[in-house]
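Everything below concerns the one structure shown next.
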DNA sequence: ATGGGTACCTGTCTGC
DNA sequence: TGCAGACAGGTACCCA
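Residue numbers (this note's numbering): 612 to 887.
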């Protein structure tokens, strides 16, 4: 489910309210992707620092006497969402993690359990480091330029859409936004990444940034169950030009949009507007 | 190193 | 109505 815009919208929706809150209890439900890696009770009495995002991961620093004392790395997987509320009510079957604090409870709901909550001594240590190392540039990092994207794509021979999804060149564009950005840049998703010219890489880098920024401004995409930590739905999905629209006439040229499968994932594109 | 495929898990929708 | 099968926003890991 959640790509960069959804994760960032989620972060923004609870970051300020939880900042400075004191952990009073931790509840762990069904196992997620990895074990938590710490005795839950040992987190009690720590203070939540400023929540950060890296790619589609969230990092919740936990402080002890004002000093950073580890933190929780969270991932929403395909179906996860976080809610922050003063009185969350009883945990349902899909509520797998509660961080109960003096200001309210941060609750992870994740029906498919592809998500994760993992404790690490620091962001650059242990499990967090293992998961975060090797991630590509942030799309809004000034270092993410057309030149950088061009050089990175030159080193690979996979289809450009798969290169974008792999997350080691640029993070944050998942299946929806990779499809949308390739449409905006006029590039066929099947094009071999090393055949993308410099000008097209420039356009693609700009399209990735623009697509993610626009989605962010609209609160992300809610296809079925995404909500931010206030329970708000995203509004980007109504603006999708290709995603989920197989057979629908392209709104730029009228050609029916196509659906193909790449790397076991659906890809949507316009065979006329998007060229190899 | 790269690329391709599998695995994880559950809910929803489609077609017979 | 019931049921099998396809499909879903992600990514670590195994193997060639």
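In this text, a Cβ means the ideal position worked out from N, Cα and C, and glycines have one as well.
3 or more residues per run - each beta strand (DSSP E) lying fully within the segment 684-751 = Fully enclosed beta strand (DSSP E) runs of 3 or longer: 692-696, 706-712, 715-720, 727-731.
Cβ neighbour criterion (16 or more within 10 Å) applied to residue 785 = Numbered from 1 along the first chain, position 174 holds the residue referred to as residue 785. By the Cβ neighbour-count rule, residue 785 is buried, with 16 or more other Cβ atoms within 10 Å of its own.
DSSP-derived helix/strand/coil call for residue 769 | Position 158 of the first chain holds residue 769. Note: residue 769 maps to coil in three-state DSSP.
Indicate whether residue 615 and residue 823 have their beta-carbon atoms separated by less than 8 Å.
-> Stepping through the first chain from its first residue, residue 615 is reached at position 4. Stepping through the first chain from its first residue, residue 823 is reached at position 212. Yes, the pair counts as a contact, with Cβ atoms nearer than the cut-off.
Between 618, 626, 694, 853, which lies nearest to residue 796 when the distance is taken from Cα to Cα?
-> Walking along the first chain from the start, residue 796 turns up at place 185. Of 618, 626, 694, 853, the residue nearest in Cα terms is 853.
Contact set for residue 632: own chain, Cβ-Cβ below 8 Å, skip 5 residues either direction = For the purposes of this step, residue 632 is taken as residue 21 along the first chain, with counting starting at 1. Only 658, 659, 712, 713, 714, 715 meet the Cβ criterion.
Just mark residue 707 as buried or exposed, buried being the case when its beta carbon has 16 or more other beta carbons within 10 Å.
-> Here residue 707 corresponds to residue number 96 of the first chain, with the count starting at 1. With 16 or more Cβ atoms within 10 Å of its Cβ, residue 707 is classed as buried.
Below 8 Å between beta carbons: does that hold for residue 816 and residue 764?
-> Within the first chain, residue 816 is the residue found at index 205, counting from 1. Within the first chain, residue 764 is the residue found at index 153, counting from 1. When the beta-carbon positions are compared, residue 816 and residue 764 stay at least 8 Å from each other.
Excluding five sequence neighbours on each side, which residues of the same chain lie with their C-beta closer than 6 Å to the C-beta of residue 801?
-> By 1-based counting over the first chain, the position of residue 801 is 190. Around residue 801: 770.
Given residue 679, which residues of its chain have a CB within under 8 Å of its CB, disregarding the five upstream and five downstream residues?
-> Indexing the first chain from 1 puts residue 679 at position 68. Apart from the 5 residues on each side of it in sequence, residue 679 sits with its Cβ closer than 8 Å to the Cβ of 660, 672, 673, 733 in its chain, given in chain order.
Near residue 789, what residues of its chain come up, given a Cβ to Cβ distance below 6 Å and the 5 sequence neighbours on each side ignored?
-> The residue you call residue 789 lines up with position 178 of the first chain. Taken in chain order, the residues that qualify are 772, 775, 776.
From this set, 886, 843, 739, which residue's C-alpha is nearest residue 696's C-alpha?
-> Here residue 696 corresponds to residue number 85 of the first chain, with the count starting at 1. Minimum Cα distance to residue 696 is reached at 843.
For the alpha helix (DSSP H) holding residue 623, just list the boundary residues, first then last.
-> Translated into positions along the first chain, residue 623 becomes position 12. Where residue 623 is concerned, the enclosing alpha helix (DSSP H) stretches over 615-629.
Helix, strand or coil for residue 873, going by three-state DSSP, please let me know.
-> One-based indexing of the first chain puts residue 873 at position 262. DSSP places residue 873 in strand when its eight states are reduced to three.
When burial is assigned at 16 or more other CB atoms within 10 Å of the CB, is residue 730 buried or exposed?
-> Residue 730 sits at position 119 when you count from the first residue of the first chain. Note on residue 730: 16 or more other CB atoms within 10 angstroms of its CB, so buried under the neighbour-count rule.
Whole alpha helix (DSSP H) elements within the segment 771-812, 4-residue minimum | Whole alpha helix (DSSP H) segments, 4+ residues: 771-776, 786-796.
Residue 703 classed as buried or exposed, judged by whether at least 16 other C-beta atoms fall within 10 angstroms = Here residue 703 refers to the residue found at position 92 of the first chain. Counting other Cβ atoms within 10 Å of its Cβ, residue 703 stays below 16 and is therefore classed as exposed.
Member of 629, 881, 668 whose CA lies at the smallest distance from the CA of residue 741 = As a working note, residue 741 is residue 130 in the first chain. Among 629, 881, 668, the Cα nearest to that of residue 741 belongs to 668.
What number of angstroms, rounded off, separates the C-alpha of residue 745 from the C-alpha of residue 829?
-> The count along the first chain starts at 1 and reaches residue 745 at position 134. The count along the first chain starts at 1 and reaches residue 829 at position 218. Looking at the two C-alpha atoms, the distance is approximately 29 Å.
Could you check if residue 627 is buried or exposed, using at least 16 other CB atoms within 10 Å of its CB as the buried criterion?
-> In the first chain, the residue the question calls residue 627 occupies position 16. Around the beta carbon of residue 627, fewer than 16 other beta carbons sit within 10 angstroms, so the residue counts as exposed.
Among 684, 721, 676, 683, which residue has its Cα nearest to the Cα of residue 694?
-> One-based indexing of the first chain puts residue 694 at position 83. Nearest C-alpha to residue 694: 721.
Tell me, to the nearest whole angstrom, how far the beta carbon of residue 845 is from that of residue 617; I am working on the premise that it is less than 8 Å.
-> Translated into the one-based positions of the first chain, residue 845 becomes position 234. Translated into the one-based positions of the first chain, residue 617 becomes position 6. Right, the Cβ-Cβ distance comes to about 7 Å (below 8 Å), so this counts as a contact.
Throw me the rounded Cβ distance for the residue 781 and residue 755 pair, which I believe falls under 8 Å.
-> For this step, residue 781 is matched to residue 170 along the first chain. For this step, residue 755 is matched to residue 144 along the first chain. With 8 Å as the limit, residue 781 and residue 755 qualify as a contact, their Cβ atoms being about 6 Å apart.
Mapping DSSP to helix, strand and coil, what is residue 882?
-> To locate residue 882, count along the first chain from 1; it is residue 271. Collapsing the DSSP output to three states places residue 882 in coil.
Can you name the residues that DSSP bridges to residue 845?
-> Against the first chain, residue 845 aligns to sequence position 234. Under DSSP, no beta-bridge partner is assigned to residue 845.
Using beta-carbon positions only, say whether residue 809 and residue 798 come within less than 8 Å of one another.
-> For the purposes of this step, residue 809 is taken as the residue at position 198 of the first chain. For the purposes of this step, residue 798 is taken as the residue at position 187 of the first chain. Contact: no.
Which stretch, first to last residue, makes up the beta strand (DSSP E) that contains residue 668?
-> For the purposes of this step, residue 668 is taken as the residue at position 57 of the first chain. Residue 668 -> beta strand (DSSP E) spans 668-675.
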